[in-house]
Amino acid sequence: MNSIANPDLSRRQFLGASALAAGGLSPAFAYGAASAGNLRLATFRYEVTPPMGHSLCGGWIKPVVGVDDPLEAIGYVLLGSGEPIVVCVVDWTGLLNSAHIEWRKALAEAANTTIDRVTVHCVHQHNAPFACLDAEDIILKQGDLPHIVEKDFFKRCLDAGRSAVQTALKQTSPVTHVAHGEARVSKVAGNRRIIGLNGSVLSQRGSSSRRPAHHRYPEGLIDPMLKTVAFYNGTKKLAACHYYACHPMSYYGDGRVSADFCGLARRQRQEQEPDCTHLYFNGCGGNIGAGKYNDGSKEMRPVLTRRILDGIVASEENLQPQPIESVRWETHDILPPVDERFDEDAIMQQVSDHNQPVRNRNRPSYTVAWIRRVNRKVPITLSSLHINNASMLHLPSESFIEYQLRAQATAPDRFVACAAYGDGGPWYIPTADAYPQGGYAVSVAWCDPAVDQILSGGIKELLTRIG
Ligand SMILES: [Zn+2]
5 MNSIANPDLS RRQFLGASAL AAGGLSPAFA YGAASAGNLR LATFRYEVTP
55 PMGHSLCGGW IKPVVGVDDP LEAIGYVLLG SGEPIVVCVV DWTGLLNSAH
105 IEWRKALAEA ANTTIDRVTV HCVHQHNAPF ACLDAEDIIL KQGDLPHIVE
155 KDFFKRCLDA GRSAVQTALK QTSPVTHVAH GEARVSKVAG NRRIIGLNGS
205 VLSQRGSSSR RPAHHRYPEG LIDPMLKTVA FYNGTKKLAA CHYYACHPMS
255 YYGDGRVSAD FCGLARRQRQ EQEPDCTHLY FNGCGGNIGA GKYNDGSKEM
305 RPVLTRRILD GIVASEENLQ PQPIESVRWE THDILPPVDE RFDEDAIMQQ
355 VSDHNQPVRN RNRPSYTVAW IRRVNRKVPI TLSSLHINNA SMLHLPSESF
405 IEYQLRAQAT APDRFVACAA YGDGGPWYIP TADAYPQGGY AVSVAWCDPA
455 VDQILSGGIK ELLTRIG
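Note that the numbering used here has the sequence shown beginning at 5, numbered continuously upward.
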């Protein structure tokens, strides 16, 4: 049944056809009259809490000794605009390389779609798995290193994902309207890189800090806005996707699994509105953390949770549902080169050096995983979901905040919401300007500075193809 009043179908059909002829774009984005009333949404969630003893954050912090609150994967399947579109967000530190591809494949199979129409993101909590199957293979060969991710647990998560999607698809709802809103979040985000007089990073302001100088120093470049895009069936809100850029840790390293303040805020909102599925995406938070306002004490976790929840609620106050008139899914593949600082043989020698601490052996295995992936020419897929004048951008890894701000500036007439922490293979993605400044993020950025142009170009491509 067509529930959208639409006097202008023939014109839109014509525009769709001409765009195809002009741009040679995938027909999958086309959303014409035939499907105007056939959009449907299925939401799903499944638990991905690691078992006792499982490694956290790659194995160099304390493994699981208990669970303060569970980790979840939450998502939706959008049907009726070409092959199904799947969007999923996971309470893990990261999903990298083959792990990210396997996760998408499992959801794609369950939704009967192709992997290029599935995007998966992490919230990036650190008392959580940091899953790279390729790095796991590298450290397994060493015989004496803690796991990066246990493969049987990972497989159970894929199975849980498949069955959650299959179950969800038995209960879909029509989607007729979309809305967006935003609100300023108070006293959470601050830029992590404090630049000194010589133009390089003087100090890294982490997720928490007890140094008064870190609290005094200004927030610096951040995106203070929490953005929301929500899907409706008439006036009934079905799903609300929230986007805010900040490392999400209040404290970590104690072996106690938690979705931490961003995940907890999402869960509180979920409890307030049990009939709407709430999703929380971390934006381009690579150089953003809570250390300006957070001293890492236990008392601060609920305080930060409240600040994010207030942002979510305020953002949703602005929601004004509009009939859905267009839906487009776009993708753009990139394969940024490895930085020449990283040499596989030299890194493997370090991984094999039994005198080195775990951090200095497990962490470089992620570098090698990225080098081998680039050699195999397996690209990262950027994607965007454009609905009316809202664009949801799906970006990789620990991208710096500048990418999100540039995306918004590139499309000033659109509402641009960014989810980063997709495929985590490259670790940090600084801007080209940030490389000579040094600092922690640059030291663990596996890509050459050319990644700036490549990623910026990809974002521009996704935003300008809309026409
Ligand atoms: Zn990080």
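Ideal placement from N, C-alpha and C gives every residue a C-beta, glycine not left out.
Beta-carbon separation (whole angstroms), residue i vs residue j, contact threshold 8 Å
i: Ala413; j: Leu397; result: Going by Cβ atoms, the distance from Ala413 to Leu397 rounds to 13 Å, so no, they are not a contact pair.
i: Cys280; j: Ala318; result: So it is not a contact: roughly 16 Å between Cβ atoms.
i: Tyr407; j: Ile463; result: 7 Å
i: Leu162; j: Ala110; result: 4 Å
i: Leu173; j: Ala77; result: Leu173 to Ala77, Cβ: 16 Å. No contact.
i: Arg332; j: Pro178; result: With 8 Å as the limit, Arg332 and Pro178 do not qualify as a contact, their Cβ atoms being about 19 Å apart.
i: Asn392; j: Asp417; result: So it is not a contact: roughly 12 Å between Cβ atoms.
i: Ile142; j: Val372; result: 6 Å
i: Arg310; j: Trp64; result: The pair is not a contact, with the Cβ atoms about 31 Å apart (cut-off 8 Å).
i: Ala135; j: Trp96; result: 6 Å
i: Asp337; j: Pro383; result: 4 Å
i: Leu389; j: Gly185; result: With 8 Å as the limit, Leu389 and Gly185 do not qualify as a contact, their Cβ atoms being about 17 Å apart.
i: Thr171; j: Asn237; result: At roughly 19 Å, the Cβ-Cβ gap does not stay under 8 Å, so Thr171 and Asn237 are not in contact.
Residue range of the alpha helix (DSSP H) that includes residue i
i: Pro464; result: A quick correction: the sequence has Lys, not Pro, at residue 464. Looking at the DSSP string, the run of the alpha helix (DSSP H) that includes Lys464 is Val455 to Thr468.
i: Asp120; result: Premise fails: Asp120 is in no alpha helix (DSSP H) and is neither H nor E.
i: Met352; result: Glu348 to Val355
i: Ala114; result: Ser102 to Ala115
i: Glu277; result: Per DSSP, Glu277 belongs to no alpha helix (DSSP H) and is neither H nor E.
i: Glu406; result: Ile405 to Thr414
i: Asp141; result: Leu137 to Leu144
i: Tyr370; result: Arg363 to Arg380
i: Val446; result: Tyr444 to Ser447
i: Ala234; result: Segment Met229 to Asn237 is the beta strand (DSSP E) holding Ala234; no alpha helix (DSSP H) there.
i: His336; result: Element bounds for His336: not the alpha helix (DSSP H) but the beta strand (DSSP E), Val331 to Ile338.
i: Thr218; result: A small correction: the amino acid at residue 218 is His; Thr does not occupy that position in the sequence shown. Counting along the chain, the alpha helix (DSSP H) containing His218 begins and ends at Pro216 to Arg220.
Of the residues the options, the one placed nearest residue i, counting alpha carbons only
i: Gly98; options: Cys245, His184 and Ser403; result: Ser403
i: Ile199; options: Asp456, Trp450 and Asp437; result: Asp437
i: Tyr284; options: Asn195, Ile375, Ala135 and Arg271; result: Arg271
i: Thr123; options: Gly442, Pro434 and Asp427; result: Asp427
i: Val261; options: Arg49, Ser211 and Pro74; result: Pro74
i: Pro325; options: Pro361, Ile351, Ala234 and Ala193; result: Ala234
i: Leu339; options: Pro216, Val455 and Phe134; result: Val455
i: Ser204; options: Ile458, Gln175, Leu459 and Pro440; result: Pro440
i: Thr435; options: Ser460, Arg166 and Val169; result: Ser460
i: Ala193; options: Leu100, Ile312 and Thr176; result: Ile312
i: Lys145; options: Pro341, Ala423, Arg365 and Arg214; result: Arg365
i: Val81; options: Thr176, His104 and Gln360; result: Thr176
i: Phe346; options: Leu201, Pro222 and Tyr370; result: Tyr370
i: Asp72; options: Trp107, Asn42 and Ala132; result: Ala132
i: Gly147; options: Val378, Val355, Asn101 and Thr239; result: Val355
i: Val189; options: Arg108, Glu106, Gln276 and Val307; result: Val307
i: His125; options: Gln457, Cys288, Gly259 and Gly185; result: Cys288
i: Arg469; options: Ser387, Val446 and Ile375; result: Ser387
i: Pro327; options: Arg166, Lys241 and Leu149; result: Lys241
i: Glu51; options: Leu409, Val169 and Glu320; result: Val169
Start and end residues, beta strand (DSSP E) containing residue i
i: Gly79; result: Glu76 to Leu83
i: Met304; result: Taken as a continuous stretch (DSSP letters only), Met304 belongs to no beta strand (DSSP E), being part of the alpha helix (DSSP H) at Met304 to Glu321.
i: Val165; result: Going by the sequence as given, residue 165 is Gly instead of Val. Note, Gly165: premise wrong, no beta strand (DSSP E); alpha helix (DSSP H) at Lys155 to Ala172.
i: Ala183; result: His181 to Arg188
i: Ala421; result: Phe419 to Ala423
Proximity test, residue i beta-carbon vs ligand 1 heavy atom, cut-off 7 Å
i: His477; result: Residue 477 cannot be examined here, being either before or after the span of the chain that is shown, 5 to 471.
i: His128; result: yes
i: His251; result: yes
i: Glu402; result: yes
Cβ of residue i within 8 Å of any chain C Cβ
i: Gly287; result: Here chain C cannot be found, since the structure has a single protein chain.
For the structure I just gave you, are there three or more beta carbon pairs, one from the region 250-262 and one from the region 296-308, closer than 8 Å? Because the criterion of three Cβ pairs below 8 Å is met, the region 250-262 and the region 296-308 touch.
Are the region 78-91 and the region 57-67 in contact at 8 Å, needing three or more beta carbon pairs? No, the region 78-91 is not in contact with the region 57-67.
Using a Cβ distance threshold of 8 Å, determine whether the region 260-277 contacts the region 230-239, with at least three qualifying pairs required. Result no; under three Cβ-Cβ pairs closer than 8 Å.
Quick check: the region 416-431 against the region 441-451, are there 3 or more CB pairs under 8 Å? Below 8 Å, enough C-beta pairs join the region 416-431 and the region 441-451 to call them touching: three or more.
Would you call the region 208-220 and the region 286-296 touching, i.e. three or more CB-CB distances under 8 Å? Yes, the region 208-220 is in contact with the region 286-296.
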